[in-house]
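One structure is given below, encoded as structure tokens.
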Amino acid sequence: MTATFLQTLRTIAGAAHVITDPADLAPALTDWRGRYRGEALALVRPGTTEEVAAIVTACRAAGVAVVPQGGNTGMCAAATPMAAPRPAILLRLDRMNRIRAISPLGDSIAVDAGCILANVQAAAAGVGRLFPLSLGAEGSCQIGGNLSTNAGGTAALRYGVMRDLALGLEVVLPDGAVLDLMTALRKDSAGYDLKHLFIGAEGTLGIITGAVLKLFPRPTARVVALAKLDSIEAVLALLSAARAAAGARLGAFEVLNREQIAVIAEHLPGVTIPFALDAAWYVLIELADTTGEGLEPAMESLLEQAMERGLVADALVAASEAQAAAFWKIRHSVSEASKAAGYVVSHDSAVPLHEQGRFVTEVEAAIRALRPDARIVMHGHIGDGNIHILAIIPPVADAQERFAQVDAINAAVDEVTARLRGTISAEHGIGYANIHRLARVTAPLELSLMRQFKALLDPDNLFNPGKLFAGKQ
């Protein structure tokens with residue numbers, strides 16, 4: 002059966018795009034962190050939506066699962082085929098990388114799901130517009146993956162997450178049907194908004210093959226500052242002041258604790274740290290506008306008033322675009338540096354902003370009680386309540402012992418998160434890594450409805466099995 006099935010795939014996509022050689026398959030079978038390794042019959046690279054539909058139909062007939070994979074930059078092994086012993090293929094849409102249409106008047110862009118995020122940003126810039134999603138992996142992550150995880154990134158404070166940036170979708174369903182929702186309408190109240198079923202679903206309900214995305218006027222000027230603060234309460238007070246002073250010009254408000262910057266300094270010597278590490282928190286603030294008028298005075302006034310109130314200990318305002326990029330490089334280096342520092346137990350938590358100070362304090366205490374030797378690093382998009390708290394621990398060779406330690410840390414973090422009405426995944430997803438955690442913060446009725454949607458659209462559990470839900474799907 003396998004030989005016949007693979008030949009069917011070759012007929013659909015072309016022999017060069019059905020990869021079965023173990024050496025060529027290996028990179029796609031391992032997640033970005035290198036913690037999970039799956040198995041697949043093949044990596045298949047279709048070139049059109051019609052080919053995706055034909056591949057799905059063939060897989061359904063053969064009883065083979067389909068695991069979609071974008072740039073394989075995710076944090077939760079959602080794109081790793083972990084459903085063995087059921088056979089699976091990996092479906093990668095990198096050949097589907099066309100900009101289908103762009104409308105400066107309508108502030109919209111239609112793209113294939115395999116488009117790399119940076120290329121979509123560049124296409125928007127080419128017509129004087131902005132596609133605002135910005136991630137550390139933007140040079141390799143793909144739009145389909147961004148949508149499937151409801152990615153947030155550093156601009157979510159001003160522009161929202163991918164769910165807010167999507168106008169329409171094209172989706173291949175588990176029966177091979179193509180659902181065409183590729184509308185550029187800003188207003189449509191004709192029944193259910195079905196696209197939202199597939200955004201954040203991690204490929205478990207459908208394969209996103211195309212999208213219509215929102216564009217925005219392109220800022221022509223920005224000013225970036227890096228500030229030092231002594232407490233999380235001061236950080237939150239500065240955020241409130243920045244919102245009041247800058248309004249919609251506040252483009253980003255990113256936070257890093259001292260230990261996070263220390264990890265970057267230790268492991269990435271090419272990243273310049275402009276401050277002595279003598280404060281508890283460091284905040285990167287960006288103001289941006291289409292005119293640029295008054296941006297620098299506004300930033301300077303904000304920081305001066307914050308210093309007078311005792312919120313900010315010191316601050317630097319970037320004197321050039323090169324220095325602004327250097328400040329942003331610090332923020333975008335967190336994942337690479339933390340990965341190099343040890344075994345990372347990562348959390349993508351979000352809680353209401355008024356609970357953020359309590360959350361940070363209680364989570365750090367809970368981790369310290371379990372692992373006094375952990376390096377606790379924090380960074381994130383505090384403006385939208387999403388702060389990543391990472392416990393970096395020495396590598397544990399024994400897999401069972403490692404799992405027990407990680408699960409204990411996760412359970413402690415999840416308890417605080419649930420008590421403060423937060424989420425364990427603001428932007429990274431659940432995938433395979435977090436399937437045992439979802440029920441800790443999600444009501445039984447909500448989980449039941451999710452399972453019902455899965456059963457309705459994918460009764461054969463064809464799409465990305467073994468993800469999102471623990472136990473039988």
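Going by this note's numbering, the sequence shown opens with residue 2, and the numbers climb by one from there.
By construction, the Cβ of each residue, glycine as well, lies at the ideal position given by its N, Cα and C atoms.
Computed from a predicted structure; not experimentally measured.
_To the nearest angstrom, how far is the alpha carbon of A1 from that of A89?_
The question about residue 1 has no answer, for the chain in this structure spans 2 to 474.
*Contact between the stretch 218 to 230 and the stretch 185 to 201: three or more CB pairs below 8 angstroms?*
In short, these stretches do not touch, since the Cβ pair count stays below three.
*Could you check where the beta strand (DSSP E) with N387 kicks off and where it finishes?*
DSSP places N387 inside the beta strand (DSSP E), whose first and last residues are N387 to I394.
*Roughly how many angstroms separate the alpha carbons of W33 and I331, rounded to a whole number?*
Between the alpha carbons of W33 and I331 lies a gap of roughly 20 angstroms.
*Please classify E305: does DSSP put it in a helix, a strand, or coil?*
It is helical.
_Spatially closest choice to G211 from L227, E416, A14 and S149, by CA coordinates_ = Sorting L227, E416, A14 and S149 by C-alpha distance to the C-alpha of G211 places S149 at the top.
*asked:* Assuming V45 and L91 are in contact, meaning their beta carbons sit under 8 angstroms apart, how far apart are those beta carbons, in whole angstroms?
replied: At roughly 7 angstroms, the Cβ-Cβ gap stays under 8 angstroms, so V45 and L91 are in contact.
*Relative to the alpha-carbon of A281, which residue among D290, E287, V272 and Q261 has its alpha-carbon at the smallest distance?*
The shortest C-alpha separation from A281 is found at Q261.
_Does chain B have any CB closer than 7 angstroms to the CB of K340?_
The question asks about chain B, but that chain is absent: this structure has only one protein chain.
*Closest Cα partner of R61 within the set G153, T50, D459 and M76*: The candidate whose alpha carbon is nearest that of R61 is D459.
*Enclosing beta strand (DSSP E) for V112 [first to last residue]*: Its beta strand (DSSP E) spans residues S109 to D113.
*Kindly indicate which residue of A419, Q143 and E337 has the alpha-carbon position closest to the one of N73.*
When only C-alpha atoms are compared, the closest one is Q143.
*asked:* Helix, strand or coil, according to DSSP, for R332 in the structure here?
replied: Per DSSP, reduced to three states, the secondary structure at R332 is helical.
*For T31, which residues does DSSP report across the bridge?*
Under DSSP, T31 takes part in a beta bridge, and its partners are R38.
*Any chance the stretch 373 to 386 sits against the stretch 430 to 450, with 3 or more Cβ pairs inside 8 angstroms?*
When C-beta atoms of the stretch 373 to 386 are compared with those of the stretch 430 to 450, fewer than three pairs fall below 8 angstroms, so the two segments do not count as touching.
*Does the Cβ-Cβ distance between L469 and T205 come in under 7 angstroms?*
If you check the CB distance, L469 and T205 come in under 7 angstroms.
*When burial is assigned at 16 or more other CB atoms within 10 Å of the CB, is T3 buried or exposed?*
Here T3 is exposed. Its C-beta has fewer than 16 other C-beta atoms within 10 Å.
*For A375, which of S339, P353 and Q401 has the nearest alpha-carbon?*
That would be S339, whose Cα lies nearest to the Cα of A375.
*State the Cα-Cα distance for the pair A1 and D108, rounded to the nearest angstrom.*
Because the chain spans 2 through 474 in this model, residue 1 falls outside it and cannot be assessed.
*What first and last residue would you give for the alpha helix (DSSP H) that runs through D165?*
Run containing D165: M163 to L166, per the alpha helix (DSSP H) assignment.
*On the three-state DSSP scale, how would you describe R376?*
In the structure shown, R376 falls within a strand segment according to DSSP collapsed to helix, strand and coil.
*Thinking C-alpha only, which one of H333, G252 and L304 is nearest G293?*
Selected option, being the one with the closest Cα: G252.
*To which residues of the same chain is L463 closer than 7 angstroms at the C-beta, ignoring the five residues directly before and after it?*
Here the set comprises C60, R61, A66, V67 and P175.
*Minimum length 3: unbroken beta strand (DSSP E) runs contained in the stretch 45 to 82*: Taken in chain order, the complete beta strand (DSSP E) segments of 3 or more residues contained in the stretch 45 to 82 are 66 to 70.
*Specify, as a first and last residue, the run of the beta strand (DSSP E) that Y344 falls within.*
Run containing Y344: Y344 to V346, per the beta strand (DSSP E) assignment.
*Where does T5 land, buried or exposed, given buried means 16+ other C-beta within 10 angstroms?*
Result: exposed.
*Buried or exposed (CB count within 10 angstroms, at least 16 for buried), L429*: It should be noted that the sequence gives His, not Leu, for residue 429. Buried, because 16 or more other Cβ atoms sit within 10 Å of the Cβ of H429.
_CB-CB length for V53 against V173, believed under 8 angstroms_ = V53 to V173, Cβ: 5 angstroms. Contact.
*What's the gap between the Cα of A392 and the Cα of E402?*
Distance between the alpha carbons of A392 and E402 is about 16 angstroms.
*Same chain, Cβ closer than 6 angstroms to R159, neighbours up to 5 away in sequence not counted*: So the qualifying residues of the chain are G252.
*Which same chain residues, not among the five before or five after T49, have their C-beta less than 8 angstroms away from its C-beta?*
Only M97 meet the Cβ criterion.
*Taking the CB atoms as reference points, tell me whether V442 and A419 lie closer together than 7 angstroms.*
Yes, the pair counts as a contact, with Cβ atoms nearer than the cut-off.
*Minimum C-alpha distance to V284 - residue among P298, E305, L278 and F254*: The option with the nearest alpha carbon to V284 is F254.
*Can we count G15 as close to the ligand GTP, meaning its CB is less than 6 angstroms from some heavy atom?*
This structure does not include the ligand GTP; it has no bound ligands of any sort.
*Provide the residue(s) that pair with S135 in DSSP beta bridges, ordered along the chain.*
Answer is none; S135 lacks a bridge partner.
*Return the first residue and the last residue of the alpha helix (DSSP H) that E260 is part of.*
Looking at the DSSP string, the run of the alpha helix (DSSP H) that includes E260 is R259 to H268.
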